[in-house]
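Chains as they are written, first to last, in my numbering: chain A, 1 to 353; chain B, 354 to 706; chain C, 707 to 1059. Cβ atoms here follow ideal geometry from the backbone N, Cα and C, with glycine treated the same way. Small disclaimer: the values here were computed from a predicted structure and weren't measured.
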């Protein structure tokens, strides 16, 4: 038992958004994990991580069928050469970029998410360098799941893979054309007040969609300002499932301010999408501006309460549906959300163990 | 790791009832839990509970998809003001009433269950008072899951929600008319030999069905006698799923007797149901008498073996089907069980850790 | 918490076989378990085991819906009389036979598996004798799941249960004719360099299919040679699911050699199947020869890396499909694999905690 550390987060509260009743939901993802390290001598270690993610409001898994959604990997680690892990791990690009978001991509204040992001990825070998005077390097390689190059029954190879195929069942889609391995590279610098990072990644089975981003942060006194830019080229698939073909650009400006017994967080996001197959209009771009403000009050090192307000102003209902993950409608076009601006309010409690 | 306590129960054995082969099954629900308490100072604490429920005979979850069926919540607790929890918690009314049942609502000897009970409930905020010279008070509020007031496609709003709609799929039913929040209040007194309690509750998404009950227990020497009465008004829905519209009354007389290295348990239940839409007869009531006797032999404080015998005498096959949870038949009427009396015998072993 | 021991294995790496891309997969089954022992005095103990099995490459359960696939049982144990467990346990016959396989029935080098084997079984009471000067005896009894002798709707009782019925849904098949309890007996001797064992078993709901085997091993210096023979009579059902009616014979010759900081493993398998309803040819037998070689390098007592190569030479594509678990094709015949020989290469890392 001394080989295993148990840790976790429990977080829930109430969320109210326009167009929906108050619901119970979390800010930081709920989790319980088991991890350990074995000293192999000569500065070498063996490591493992197993981490469940779940919904605290109803006790269900965060993602159906993912027993260890948060992490499931084994690895080796050396003081001088870094660490290597195999299995299900954090996606390197997402893991680093989200550190620039004052809301860490959680809750109603979360930064705008690229459609080609996945917080964790399967079938992956990931390398992390040690810290070289602030510089860090990371890389990962992920195997695709289409092992036998099967083409789905309902899949028409003459159609553009970026064109959603409404008659394709998920099982068929899974093995359809999006048949590529994935990889990611990360370069970072983190020393004193300054943080800089850059990423390039593509997910496995994504029809070679890709994302790149650049960002940085600077801390002075109790405040930290961050800035990031991300560009996404979505070619219509994500991890073997249909996504919405598009080009996306996201700008983030963030502020964290230690204030009283807690932290004030604020951010401004600007998102811009083009080349989506909107049913009525194939040309031009649409955008969204998002403003978020929150305060976290620490009851102790492990327990805090929070309140967050966010306002998103979309160009129209369709771009709202795109950013809020409404998926595709029956015509195979991006589905609309029923309004073009959304205010979200969230309060809750976070406890770490 | 010092922040987490691991606990649980493993229990299985054999059950034989008329009309079915011997099967393997448990008495006390199988579970493994992780819980912890953090001292925040000034008599204040943060708490969390995560508890799995499962079947020991085949290693499956007790309820499909419920990763933490037993509990999933975070809360605060104060010596002087009580405790508040958010998430998935014990339903207050069931938690207290079952303490009057010598079989604690487990196994073949369990008291008759109201169709508007749920041992645990989702999306809930629950308050428990501290003990004021024996007096206790509790209250809970649960959000409904029909967040957008959606009406199911196959749902006909002109039909009585108490009328089962055989063509309604579960997904449609889930979002059909039963669109209410739930709440519960409990008043209790527990001091020396005397226990008294009363409850009123309605579940979320139950078409405002409700239950109330009153009960008490008195201990003298090695014996404890308990008495309870419960009344249910089932309006055809339970947590968003179709239930059987009916009025139910239940009387319970219970006896627990410390005897030798264990306990003798005995109970008599009388249940009475009316206003059910029986296919052949809409009027009048039907009843059941249930007699249960059991003995639990303690091998240690944590391990015991048990034997239980129960006999249920139903008015007819239909009311047997109603109480044994046979659900609805193809006509949308309550399904019959294939006999009007059932003897159940159960033996097994319980181990707590 | 002192009542619970947490243990586990994490193992993953890469597997490449002819006819398929490289995939991520494990050698030793991934698991995390919780177990405990309570001293009841007088040499008696209470025991429990709860063990999850999962895939490390993607964090999913090893078997969908089996929360505790590895073990879920409670038991009693006495120094003088042995141990009894109830619930989900290791199948006795498989547990013992696999000790003669240098690859322990894991990974690409695994010995040929009988179609009437199950590593773990449900609804079981299992007895294990204490060690009597090297002699051991074990027995288990498993209840069938067809409690009410239901015959499936799509099941034609006039058809031979060994004949797959393509129109039978899994739910129907589950409750179709294969309605028997299961049991197993094991006799073993293990003393000094010599191991001998023999088994007879039939699974529950297997239409009384059965398996028996005999084997032994002898250790001299750093080497251990093992030999086993197994015979299977598959009557078309396995644990309530359709299997492929057949007679199977398997011979195993194994070698384990402690060499350097690890172990060399090698095996030769010869498998022979007859009386299968091949679509084109009902008579005669078909066979496979399998050669496997592996080396495990220990980085510590708990962590090791391994490499395995295996070559299987099948008589034809159909027998390859049979041994590789391709199931039934649309005609209800055993499905072919698309080649008659397969080379598998596997490398990876195992960490125990």
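Asked: Residues from the region 292–314 of chain A in contact with chain B, defined by Cβ distance under 7 Å; Found: 299, 300, 302, 303
Asked: Pair within 8 Å by beta-carbon distance, residue 82 (chain A) and residue 129 (chain A); Found: yes
Asked: Contact belief for residue 1020 (chain C) with residue 1042 (chain C) at Cβ below 8 Å, rounded distance in angstroms; Found: 10 Å between Cβ atoms; not a contact.
Asked: DSSP beta-bridge partners of residue 936 (chain C); Found: C:919, C:956
Asked: Beta carbon proximity, residue 384 (chain B) to chain A, threshold 8 Å; Found: no
Asked: Residues of its chain near residue 1051 (chain C), where Cβ-Cβ distance is below 6 Å and the 5 sequence neighbours each way are ignored; Found: 722, 1015
Asked: Residue environment, residue 838 (chain C), which counts as buried when at least 16 other CB atoms sit within 10 Å; Found: exposed
Asked: Buried or exposed (CB count within 10 angstroms, at least 16 for buried), residue 11 (chain A); Found: buried
Asked: Test: residue 419 (chain B) CB closer than 8 Å to a CB of chain A; Found: yes
Asked: 8 Å Cβ shell around residue 389 (chain B) - same chain, five flanking residues per side excluded; Found: 356, 357, 358, 400, 401
Asked: Segments assigned alpha helix (DSSP H), at least 4 residues, entirely inside the region 1018–1055 of chain C; Found: 1023–1029
Asked: For residue 100 (chain A), the three-state DSSP class (helix, strand or coil); Found: helix
Asked: Beta carbon proximity, residue 6 (chain A) to chain B, threshold 8 Å; Found: yes
Asked: Beta-carbon proximity of residue 415 (chain B) to residue 374 (chain B), cut-off 8 Å; Found: no
Asked: Buried or exposed by the 16-neighbour rule on C-beta atoms within 10 Å, applied to residue 241 (chain A); Found: exposed
Asked: Residues of the region 42–56 of chain A whose Cβ lies closer than 7 Å to any Cβ of chain C, in chain order; Found: 46, 48, 50
Asked: Cβ pair count under 8 Å reaching 3, the region 815–822 of chain C against the region 419–426 of chain B; Found: no
Asked: Which listed residue (C:801, C:746, C:940) has its alpha carbon closest to that of residue 917 (chain C); Found: C:940
Asked: CB contact below 8 Å: residue 444 (chain B) versus chain A; Found: no
Asked: Alpha-carbon to alpha-carbon, residue 449 (chain B) and residue 538 (chain B); Found: 11 Å
Asked: Pairwise C-alpha distance: residue 200 (chain A) and residue 943 (chain C); Found: 52 Å
Asked: Chain C within 8 Å of residue 74 (chain A), Cβ atoms only; Found: yes
Asked: Interface residues of the region 782–793 of chain C facing chain B [CB-CB below 9 Å]; Found: 782, 792, 793
Asked: Assigned secondary structure, residue 91 (chain A) (DSSP; H/G/I helix, E/B strand, else coil); Found: coil
Asked: Simplified DSSP state of residue 782 (chain C), which is helix, strand or coil; Found: strand
Asked: Pairwise C-alpha distance: residue 783 (chain C) and residue 845 (chain C); Found: 15 Å
Asked: Spatial distance of residue 456 (chain B) from residue 645 (chain B) (CA atoms); Found: 9 Å
Asked: Cβ pair count under 8 Å reaching 3, the region 243–260 of chain A against the region 217–233 of chain A; Found: yes
Asked: Closest Cα partner of residue 348 (chain A) within the set A:339, A:294, A:330; Found: A:294
Asked: Residues near residue 575 (chain B) in its chain [Cβ-Cβ closer than 8 Å; skip 5 each side]; Found: 610, 611, 612
Asked: Residue-level contact to chain B via CB, residue 913 (chain C), 8 Å cutoff; Found: no
Asked: Separation of residue 418 (chain B) from residue 54 (chain A), as counted between CA atoms; Found: 11 Å
Asked: Rounded distance between the beta-carbons of residue 982 (chain C) and residue 950 (chain C), thought under 8 Å; Found: 6 Å
Asked: Buried/exposed call for residue 547 (chain B), threshold 16 Cβ in 10 Å; Found: exposed
Asked: Residue 23 (chain A) to residue 490 (chain B) span [Cα, whole Å]; Found: 26 Å
Asked: When C:714, C:1044, C:904 are compared against residue 1026 (chain C), the one with the closest alpha-carbon; Found: C:1044
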